[in-house]
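Quick mapping for you: the protein sequence lines, in order, are chains A and B. Heads up: the first sequence begins at 264 in our numbering, then just goes up one per residue. Heads up: the second sequence begins at 264 in our numbering, then just goes up one per residue. No residue lacks a Cβ here, since even glycine has one placed at the ideal position from N, Cα and C.
2 protein chains.
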Amino acid sequence: MIGSGFGGLFATKALRDAPVEITLVAKTSHHLFQPLLYQVATGILAAGEVAPATRDILRAQRNARVLLGEVTDVDLEARTVTSVAPNGATTIAYDSLVVAAGATQSYFGNDHFAEHAPGLKTIEDALDLRARIFGAFELAELEDDPALVQRWLTFVVVGAGATGVEMAGQIAELAHRTLKDNFRRIDPTRSRIVLLDAAPSVLGSFGERLSTIATRQLAAIGVEVRLGLKVVGVDDTGIDVVDHEGHGQRIESMCKMWAAGVTGNPLGAQLAAASGAGTDRVGRVEVNPDCTLPGHPEVFVVGDLMALEGLPGVAQVAIQSAEHAAGQIVRRLQGEETGQPFRYKDKGSMATVARFHAVASVGRIRVAGFPAWVMWLAVHLAYLVGYKNRLTTLLHWAHSFIGRGRAERVVTRRS
Amino acid sequence: MIGSGFGGLFATKALRDAPVEITLVAKTSHHLFQPLLYQVATGILAAGEVAPATRDILRAQRNARVLLGEVTDVDLEARTVTSVAPNGATTIAYDSLVVAAGATQSYFGNDHFAEHAPGLKTIEDALDLRARIFGAFELAELEDDPALVQRWLTFVVVGAGATGVEMAGQIAELAHRTLKDNFRRIDPTRSRIVLLDAAPSVLGSFGERLSTIATRQLAAIGVEVRLGLKVVGVDDTGIDVVDHEGHGQRIESMCKMWAAGVTGNPLGAQLAAASGAGTDRVGRVEVNPDCTLPGHPEVFVVGDLMALEGLPGVAQVAIQSAEHAAGQIVRRLQGEETGQPFRYKDKGSMATVARFHAVASVGRIRVAGFPAWVMWLAVHLAYLVGYKNRLTTLLHWAHSFIGRGRAERVVTRRS
Chain A
264 MIGSGFGGLF
274 ATKALRDAPV
284 EITLVAKTSH
294 HLFQPLLYQV
304 ATGILAAGEV
314 APATRDILRA
324 QRNARVLLGE
334 VTDVDLEART
344 VTSVAPNGAT
354 TIAYDSLVVA
364 AGATQSYFGN
374 DHFAEHAPGL
384 KTIEDALDLR
394 ARIFGAFELA
404 ELEDDPALVQ
414 RWLTFVVVGA
424 GATGVEMAGQ
434 IAELAHRTLK
444 DNFRRIDPTR
454 SRIVLLDAAP
464 SVLGSFGERL
474 STIATRQLAA
484 IGVEVRLGLK
494 VVGVDDTGID
504 VVDHEGHGQR
514 IESMCKMWAA
524 GVTGNPLGAQ
534 LAAASGAGTD
544 RVGRVEVNPD
554 CTLPGHPEVF
564 VVGDLMALEG
574 LPGVAQVAIQ
584 SAEHAAGQIV
594 RRLQGEETGQ
604 PFRYKDKGSM
614 ATVARFHAVA
624 SVGRIRVAGF
634 PAWVMWLAVH
644 LAYLVGYKNR
654 LTTLLHWAHS
664 FIGRGRAERV
674 VTRRS
Chain B
264 MIGSGFGGLF
274 ATKALRDAPV
284 EITLVAKTSH
294 HLFQPLLYQV
304 ATGILAAGEV
314 APATRDILRA
324 QRNARVLLGE
334 VTDVDLEART
344 VTSVAPNGAT
354 TIAYDSLVVA
364 AGATQSYFGN
374 DHFAEHAPGL
384 KTIEDALDLR
394 ARIFGAFELA
404 ELEDDPALVQ
414 RWLTFVVVGA
424 GATGVEMAGQ
434 IAELAHRTLK
444 DNFRRIDPTR
454 SRIVLLDAAP
464 SVLGSFGERL
474 STIATRQLAA
484 IGVEVRLGLK
494 VVGVDDTGID
504 VVDHEGHGQR
514 IESMCKMWAA
524 GVTGNPLGAQ
534 LAAASGAGTD
544 RVGRVEVNPD
554 CTLPGHPEVF
564 VVGDLMALEG
574 LPGVAQVAIQ
584 SAEHAAGQIV
594 RRLQGEETGQ
604 PFRYKDKGSM
614 ATVARFHAVA
624 SVGRIRVAGF
634 PAWVMWLAVH
644 LAYLVGYKNR
654 LTTLLHWAHS
664 FIGRGRAERV
674 VTRRS
């Protein structure tokens, strides 16, 4: 297994009772529950709540061992993987390989944007964004010039998908509720939160009705939604955009974040080149219908790194494709016929817009508002790993949603 | 107020109802509950639980404002303070000044030890140590050479005061309980945890009886206590010590930490030089019996930066001296006589050695074992700021002490 995200973890768990020896190699020692990462960035949850130690999750699974390391090379002929850790490189032989190395933030060729508008893919990203967001209010409090104050209090989120909407919604909650009485000179409720996208709608994948409701709700909590705008520049003090007609505009802002796109882990391109498989435009590997690499029935690519029938890069696809790969491995061990195509069962998708307000799309049902928020709550609690995490998460949520506090505001680095 | 530790925070709170305008300047945006910092380092607590946002604690106190900044200069004649933040310097005028800038780790002139044996004074320190401790187990799992494995699994704590004892005790718990089933190649229970001190006893300030009990208890949980040893060198792979007779010895260890001494914030030396006050051998300012700076009845130095009658650098001294300073400020405002000497009421001290085992010294009473541990639990919960923090802390403690988990094992930087 390569990766400790949903793909690597669920593939490992699915092989719990199989007569195999599993080595899970990952570059972090934790499993990241990415759908709640934005809550770490906005001070609701502690890092440990969304990132339990992988080896602790798997401690009772005796056929699995966990190794820290970044896989830099896969030798498809020799069937070995090279993993690099701070204390040296290791070569690991495999009979079957599940590649679940995931995706990273994409700046569409403008990687220099990253310094000024970090993404939200790792715990480091979340803690960096937390420092930038809370730091912006701190530094605004120190400014005398109203223009500079406003620049610190303008937050720009690029990308109006689920992550972007959730980030913008939470920053609005921060500004309007959490920080209300915290300052003496600035008024946090006068913050400007801008949600930008080149697309014509927010949460496009949720369908027109939910998109409209979400847009209205975002406006109600104070998020300025700006669509049809392409980002052409990001620097220390602002962001430059152009509209469809080519008219440019600048938004002065010290705190920008990027939630506008992903690209497959570079390992994907390497595997594709070695096997002759194609990659799609976001660097994901085009696999066979059974999730295997063309010409290599022993190698599976699952989750965010897999390009198959346009399936989106969401947790459910990662979990189900990983379980499919595990099933195929077991069948092959038992001498049964393999090659069954992966069939994705869409369990729906949801996004929280604000406190007590979410949108959910499940099958043909579209729900919005409080009922969707309750669904969101239940589903996320159910999927969180570990009972203790569920309990403290519930407490943090009660504190943030019913009360108005944020327990995890600790900032360790200044931005 | 300079500083957001116990001194700055309690002085501010004590002036809640006084007709004053308070500016609290601190270089972190959180108040640090330092006595539990070792639990952040060992993965029991989240950073937010011991470091709530200062401005959130003070949000209802309308006469207090909180500014982020490091005070680099105090002009005693002009009665101004210069504070430097990432976006510029500010000069703040004062009528009364309470300096509670605290202390930092001291390496007794060997500052180059710091890189290899970090101290435990800030949240950054705690997260750095957390990465080193959990990282050492991860990297040990990757080694083939038994000598290298043992080097990763040897943990050296320098300084057998309360912090050192608590760190060593928690690492022993980690190795023997928490990580028990987490690894496949290494056996964490074979870790070596060494607690070093140049002094002849552990927890010397607790008296002979408690010191003996603590030493015995440390041995029982697998901590190797080595006394009368002076550290003469620390490098990447080990630590060099000499005994009283000058015999040298090397302990091979990748993970070292320093809890052996503190030195006053440099601001102390500056104030002493400007006012003609003396400093003691650890850089604390020698103040008048009423905590004022000699010749400056309007300037108070409290807490860890204050040298007065040999009072120790503990939370209770900081809290009580800060409240004394606040009382003096109020008396001066009301035209009453000032100059009353600060009288410290020793409420006792305690240290946890292991799960369910602590030592406590209160007045003439000496308690050890489970009763002392229950006292420790009650006192620390009572002093934690905020109800939510108490609740989640209690949950984390139940998880770690009754269960055997550590919820906060997230490592963001590799050591």
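Can you find a C-beta in chain B that's less than 7 Å from the C-beta of A/Glu-671? Chain B, which has a Cβ nearer than 7 Å to the Cβ of A/Glu-671, makes this yes.
Assess contact between the region 381 to 390 of chain B and the region 450 to 459 of chain A, defined as three or more Cβ pairs (one per stretch) separated by less than 8 Å. Is contact present? Under the 8 Å Cβ criterion, the region 381 to 390 of chain B does not count as touching the region 450 to 459 of chain A, having fewer than three qualifying pairs.
Cutoff 6 Å; reference B/Asp-567; Cβ partners in own chain excluding five residues on either side: Only Gly-365, Ala-366, Gly-576 meet the Cβ criterion.
Please report the distance separating the alpha-carbon of A/Val-642 from that of A/Leu-299. Roughly 12 Å between the two C-alpha positions.
Cβ-based neighbour list, A/Gly-496, same chain, cut-off 6 Å, excluding 5 preceding and 5 following: For A/Gly-496, where only same-chain residues beyond five positions count, the Cβ hits under 6 Å are Asp-503.
At the level of alpha carbons, what is the spacing between A/Thr-478 and A/Gln-512? Linking A/Thr-478 to A/Gln-512 through their CA atoms gives a straight-line distance of about 22 Å.
To the nearest angstrom, how far is the alpha carbon of B/Val-505 from that of A/Phe-418? Between B/Val-505 and A/Phe-418, the C-alpha separation is close to 56 Å.
How would you write the range of the alpha helix (DSSP H) that A/Ile-484 sits in, first residue to last? In this chain, A/Ile-484 is not harboured by any alpha helix (DSSP H), its DSSP state being neither H nor E.
Cross-strand partners of A/Asn-663 (DSSP beta bridge): Residue identity differs from the one stated: residue 663 of chain A is Ser in this sequence, not Asn. DSSP lists no partner for A/Ser-663.
Between which two residues does the alpha helix (DSSP H) holding B/Glu-436 run? From DSSP, the alpha helix (DSSP H) with B/Glu-436 extends over 425 to 436.
List the residues that DSSP assigns as beta-bridge partners of A/Thr-286. Per DSSP, A/Arg-328.
In chain A, which residues lie with their C-beta within 7 Å of the C-beta of B/Ala-377? Within chain A, no C-beta atom comes nearer than 7 Å to that of B/Ala-377; the closest sits roughly 17 Å away.
In this structure, how does DSSP classify B/Gln-368 when only helix, strand and coil are distinguished? If DSSP states are grouped into helix, strand and coil, B/Gln-368 belongs with the strands.
Going by beta-carbon coordinates alone, are B/Leu-330 and B/Val-361 separated by less than 7 Å? Inclusion of B/Leu-330 and B/Val-361 in the CB contact set at 7 Å is not warranted, their separation being larger than that value.
Mark A/Arg-606 as exposed unless 16 or more other C-beta atoms lie within 10 angstroms of its C-beta, in which case mark it buried. Exposed, by the Cβ-count rule.
To the nearest angstrom, how far is the alpha carbon of A/Asp-374 from that of A/Asp-444? A/Asp-374 and A/Asp-444 have their C-alpha atoms spaced approximately 38 Å apart.
Can you tell me whether B/Leu-308 is helix, strand or coil according to DSSP? Correct three-state label for B/Leu-308: coil.
Using Cβ-Cβ distances below 7 Å, what residues of the region 408 to 434 of chain A are close to chain B? Only those residues of the region 408 to 434 of chain A whose C-beta falls short of 7 Å from the nearest C-beta of chain B would be listed, and there are none.
Can you tell me which of the three DSSP states B/Leu-466 falls into? DSSP, reduced to helix, strand and coil, places B/Leu-466 outside both helices and strands of the structure shown, so it counts as coil.
Decide yes or no for the touch test of the region 321 to 336 of chain A against the region 547 to 567 of chain A: beta carbon pairs closer than 8 Å, at least 3 of them. Counting Cβ pairs under 8 Å, fewer than three are found: no touch.
Coil, strand or helix - A/Arg-455 by DSSP: Annotated three-state conformation of A/Arg-455 is strand, per DSSP.
In three-state terms, what does DSSP make of B/Ala-274? B/Ala-274 falls in the helix class under three-state DSSP.
So A/Ser-584 is in the alpha helix (DSSP H); what residue range does that whole segment cover? Boundaries of the alpha helix (DSSP H) harbouring A/Ser-584: 578 to 596, taken from the DSSP string.
So which residues of chain B does A/Val-674 contact, with C-beta pairs closer than 7 Å? Chain B residues near A/Val-674: Ser-292.
Whole-angstrom Cβ separation of A/Ala-631 and A/Ile-449, contact assumed at under 8 Å? The C-beta separation of A/Ala-631 from A/Ile-449 comes to about 33 Å, leaving the pair out of contact by the 8 Å criterion.
Please classify A/Leu-466 as buried or exposed, where buried requires at least 16 other C-beta atoms within 10 Å of its C-beta. With 16 or more other Cβ atoms within 10 Å, it is buried.
Chain A contact residues for B/Thr-500, given Cβ-Cβ distances below 7 Å: By Cβ distance, chain A contributes nothing, its closest Cβ being about 11 Å from B/Thr-500, past 7 Å.
Kindly indicate if chain A contains any beta-carbon less than 7 Å away from that of B/Gly-365. By this cut-off, B/Gly-365 is not an interface position.
B/Leu-360 - DSSP class collapsed to helix/strand/coil: DSSP places B/Leu-360 in strand when its eight states are reduced to three.
In three-state DSSP terms, what is B/Asp-503? The three-state secondary structure of B/Asp-503, taken from DSSP, is strand.
Of the listed residues B/Glu-671, B/Thr-615, B/Ala-670, B/His-620, nearest to B/Ala-423 (C-alpha basis): Selected option, being the one with the closest Cα: B/Thr-615.
I'd like to know if A/Leu-278 contacts chain B, where contact means its C-beta is closer than 7 Å to some C-beta of that chain. By the rule that beta-carbons nearer than 7 Å mark a contact, A/Leu-278 does not touch chain B.
Please confirm whether B/Gly-266 has its beta-carbon closer than 7 Å to some beta-carbon of chain A. The Cβ of B/Gly-266 sits no closer than 7 Å to any Cβ of chain A.
Are the C-beta of B/Ile-355 and some C-beta of chain A separated by less than 7 Å? Interface with chain A (7 Å Cβ-Cβ cutoff): B/Ile-355 is excluded.
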